[in-house]
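Protein chains in written order, with our numbering: chain A, 547 to 868; chain B, 547 to 868.
Here it is in structure tokens:
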């Protein structure tokens with residue numbers, strides 16, 4: 547059995563839960579290594595993965611005896627079979643942050659148990675990364691860095707945002723990415739004031755600011771890279787803001803130590819600097835792993851101590867309307 | 547106000563609901579044209595879009611007075627403000643197929659109303675497309691067809707699945723796609739038996755079957771194209787299966803007429819052909835629009851009459867293990 551499933555089973559015991567229904571494909575990948583849709587049932591007797599005909603062959607190909615996971619095709623499951631799974635048990639956990647209200651009601655009917663919220667149990671477990679996970683994230687970051695280095699040498703006036711975004715993605719694939727982590731943002735000029743802009747046909751001009759936000763996926767794991775680039779001359783006021791944000795980022799990284807509380811780091815930051823002349827300051831980051839945005843969120847309301855081998859993206863930003 | 551919001555308001559009245567909380571970004575885009583995260587509140591007094599600082603500027607830029615939508619930044623909303631929205635009302639609809647169980651509980655606390663399931667109300671409304679929507683889907687299909695035509699002229703032995711997938715996506719972008727509709731599937735040889743294979747470094751060889759499943763996104767709307775290609779010689783048994791599936795597809799398309807019941811089409815098909823010698827037969831299709839998989843599903847259990855201006859992908863498939 548995977549160490550991830552073992553750890554989850556221990557935690558379920560601690561919560562007096564007899565089992566858990568795991569539905570989020572990211573949780574399933576984390577616990578089993580499987581990249582397939584379905585539901586993973588953790589019950590006292592076994593680990594059962596119920597999938598469908600689109601995935602059953604690849605699932606059976608990947609599972610070894612050591613995985614201790616029984617896979618089955620849902621077309622072979624009767625309604626009665628579902629009621630047998632937790633027959634002798636009652637309190638079963640579920641993923642309240644993933645399961646829709648409609649699915650919740652369907653599970654109640656199907657499994658005939660009490661469904662208990664697990665308060666982000668698997669999400670919390672995923673905060674601390676195993677060495678193998680860190681290697682994959684590192685590789686995703688290398689792919690991203692290399693693509694960015696290439697692109698800053700190739701941006702020319704007259705190119706469009708879309709052309710730059712496409713070339714950036716192409717470089718990531720050439721460097722070994724399996725996919726992109728999220729929709730690439732390349733926002734220039736007035737578009738750069740919008741943190742979630744979509745690349746347009748706007749042509750790059752002299753003195754533009756270009757905002758990049760992009761990442762690569764490598765064996766399921768993500769990188770997240772946010773950069774601001776200036777075309778040609780930099781105005782004094784731009785330089786001032788850029789250096790302010792950079793200093794914030796460096797300060798945050800410096801304060802990131804095992805055992806420090808996230809809200810303390812954020813508060814230190816706020817008392818160190820006057821932010822009055824900035825219009826909006828983004829939340830300053832988030833965990834990164836199998837999801838591009840994971841627990842923990844990094845903002846002044848999060849009362850949570852930093853753990854060893856957690857992986858986070860630190861990306862403070864300042865956005866002026868227009 | 548958009549015709550889509552007007553229609554929704556009429557339907558809510560018919561269900562005796564005083565309003566609705568719309569959370570799915572695809573529903574929000576359909577109703578408002580906005581491409582932003584947040585929640586859209588339909589209440590008897592107004593249409594209110596609560597978003598956050600990442601989107602507020604672009605939202606305010608896109609909304610005209612005719613939209614009759616008030617946008618606000620959630621940081622300006624107090625807990626008390628939320629309780630005022632439905633102050634004089636009680637039965638409010640929500641999207642039970644999108645809202646998670648945790649969000650459902652948060653909405654109950656925030657809005658202090660009875661939340662009522664709407665049984666896919668907006669999804670049903672989206673089945674019938676407006677002419678403008680059909681134009682966008684047509685454009686997405688043209689982009690896809692052109693890219694496929696290019697790629698079949700450029701596949702060579704020695705190329706990998708990944709290289710083909712990347713070139714296919716590049717062609718879609720060059721033809722005007724804003725993005726891809728879903729992760730491109732290029733599965734060759736033994737990989738082609740898995741409907742949801744991920745492109746690998748497997749090299750194309752003589753006599754390979756290559757399964758393609760891919761699509762483009764154009765102004766939010768998707769295309770979905772599934773094709774099977776043979777490299778070099780075609781075995782007699784392959785040709786037989788290929789022509790069987792093609793005839794199925796043609797037969798289904800022929801029977802697709804306004805007012806026909808989906809399950810009837812599926813049943814006609816089953817009585818016309820002997821399927822005994824095939825291992826798996828996929829569900830034969832689905833609606834396509836702002837989502838790549840929309841209502842209606844096309845399978846023998848769906849008791850639903852086809853409507854004029856519905857858009858569906860018809861993609862029957864036969865998969866033999868290994």
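Even for Gly, the Cβ is constructed at its ideal location relative to N, Cα and C.
Compare the Cα-Cα distances from residue i to each of the options and report the closest residue.
i: residue 829 (chain A); options: A:851, A:805 and A:791; result: A:791
i: residue 858 (chain A); options: A:673, A:619, A:640 and A:727; result: A:673
i: residue 590 (chain A); options: A:720, A:559, A:611 and A:613; result: A:559
i: residue 636 (chain B); options: B:802, B:562 and B:622; result: B:562
i: residue 547 (chain A); options: A:582, A:866, A:592 and A:565; result: A:592
i: residue 784 (chain A); options: A:670, A:606, A:756 and A:564; result: A:756
i: residue 684 (chain A); options: A:847, A:836 and A:861; result: A:836
i: residue 711 (chain A); options: A:686, A:812 and A:749; result: A:749
i: residue 867 (chain A); options: B:770, B:602, B:664 and B:741; result: B:602
i: residue 662 (chain A); options: B:664, B:648, B:688 and B:753; result: B:648
i: residue 831 (chain B); options: B:813, B:811, B:622 and B:862; result: B:862
i: residue 706 (chain A); options: A:769, A:624 and A:745; result: A:745
i: residue 549 (chain A); options: A:677, A:645 and A:621; result: A:677
i: residue 747 (chain B); options: B:704, B:778 and B:771; result: B:704
i: residue 753 (chain B); options: B:775, B:634, B:599 and B:812; result: B:775
i: residue 608 (chain B); options: B:580, B:665, B:620 and B:614; result: B:580
i: residue 613 (chain A); options: A:552, A:795 and A:597; result: A:552
i: residue 653 (chain A); options: A:638, A:810, A:796 and A:582; result: A:638
i: residue 666 (chain A); options: B:604, B:646 and B:664; result: B:646
i: residue 604 (chain A); options: B:860, B:760 and B:739; result: B:739
i: residue 600 (chain B); options: B:611, B:610 and B:583; result: B:583
What does residue i reach in chain B if we use C-beta pairs closer than 7 Å?
i: residue 643 (chain A); result: 646 and 648
i: residue 603 (chain A); result: 739, 740 and 867
i: residue 600 (chain A); result: 741 and 742
i: residue 719 (chain A); result: 712
Output needed for residue i: all residues of its chain with C-beta closer than 8 Å, excluding positions within five of it in sequence on either side, in chain order.
i: residue 856 (chain A); result: 673, 674, 675, 833 and 842
i: residue 668 (chain A); result: 554, 568, 570, 573, 576, 577 and 641
i: residue 823 (chain A); result: With a pLDDT of 47 at residue 823 (chain A), under the threshold of 50, the predicted position of this residue should be treated as unreliable, and no value is reported.
i: residue 616 (chain B); result: 592, 593, 594 and 595
i: residue 840 (chain B); result: 669, 672, 673, 832, 833 and 834
i: residue 557 (chain A); result: 667 and 671
Bridge partners of residue i, per DSSP?
i: residue 628 (chain B); result: Answer by DSSP bridge pairing: none, since residue 628 (chain B) is not bridged.
i: residue 562 (chain A); result: None; residue 562 (chain A) has no bridge partner.
i: residue 776 (chain A); result: A:755
i: residue 619 (chain B); result: B:597
i: residue 663 (chain A); result: A:640
i: residue 844 (chain B); result: B:831
i: residue 721 (chain B); result: Paired residues: none, contrary to the question.
i: residue 763 (chain B); result: B:725 and B:768
i: residue 801 (chain A); result: Paired residues: none, contrary to the question.
i: residue 587 (chain A); result: A:567 and A:594
CB-CB under 7 Å to residue i, same chain, minus the five flanking residues each way: which ones, in chain order?
i: residue 743 (chain A); result: 731, 733 and 737
i: residue 787 (chain B); result: 864
i: residue 693 (chain A); result: 714, 717, 718 and 721
i: residue 808 (chain B); result: 842, 844, 848, 850 and 852
i: residue 767 (chain B); result: 679, 682, 683, 686, 835 and 836
i: residue 606 (chain B); result: 617
i: residue 762 (chain B); result: 686, 689, 690, 718, 723, 726, 727 and 769
i: residue 838 (chain A); result: 727, 728, 761, 768 and 770
Could you tell me which chain B residues have their CB closer than 8 Å to the CB of residue i, listed as they occur along the chain?
i: residue 725 (chain A); result: 729
Near residue i, which residues of its chain fall below 6 Å by C-beta distance, leaving aside the five closest residues on each side in sequence?
i: residue 854 (chain A); result: 804
i: residue 650 (chain A); result: none
i: residue 826 (chain B); result: Bear in mind that a pLDDT of 45 at residue 826 (chain B), under 50, signals an unreliable position, so the model cannot answer this.
i: residue 588 (chain A); result: 565 and 566
i: residue 794 (chain A); result: 862
i: residue 586 (chain A); result: 568, 574 and 595
Any chance the CB of residue i is under 8 Å from a heavy atom of the ligand MN?
i: residue 836 (chain A); result: In terms of ligand content, the structure shown is empty, and the ligand MN therefore cannot be addressed.
Answer yes if the segment 650 to 660 of chain A comes into contact with the segment 622 to 630 of chain A, meaning at least three C-beta pairs across the two stretches below 8 Å, and no otherwise. yes
Inter-stretch contact at 8 Å, needing at least 3 Cβ pairs: the segment 718 to 729 of chain B / the segment 794 to 804 of chain B: no
For the structure I just gave you, are there three or more beta carbon pairs, one from the segment 688 to 699 of chain A and one from the segment 776 to 783 of chain A, closer than 8 Å? no
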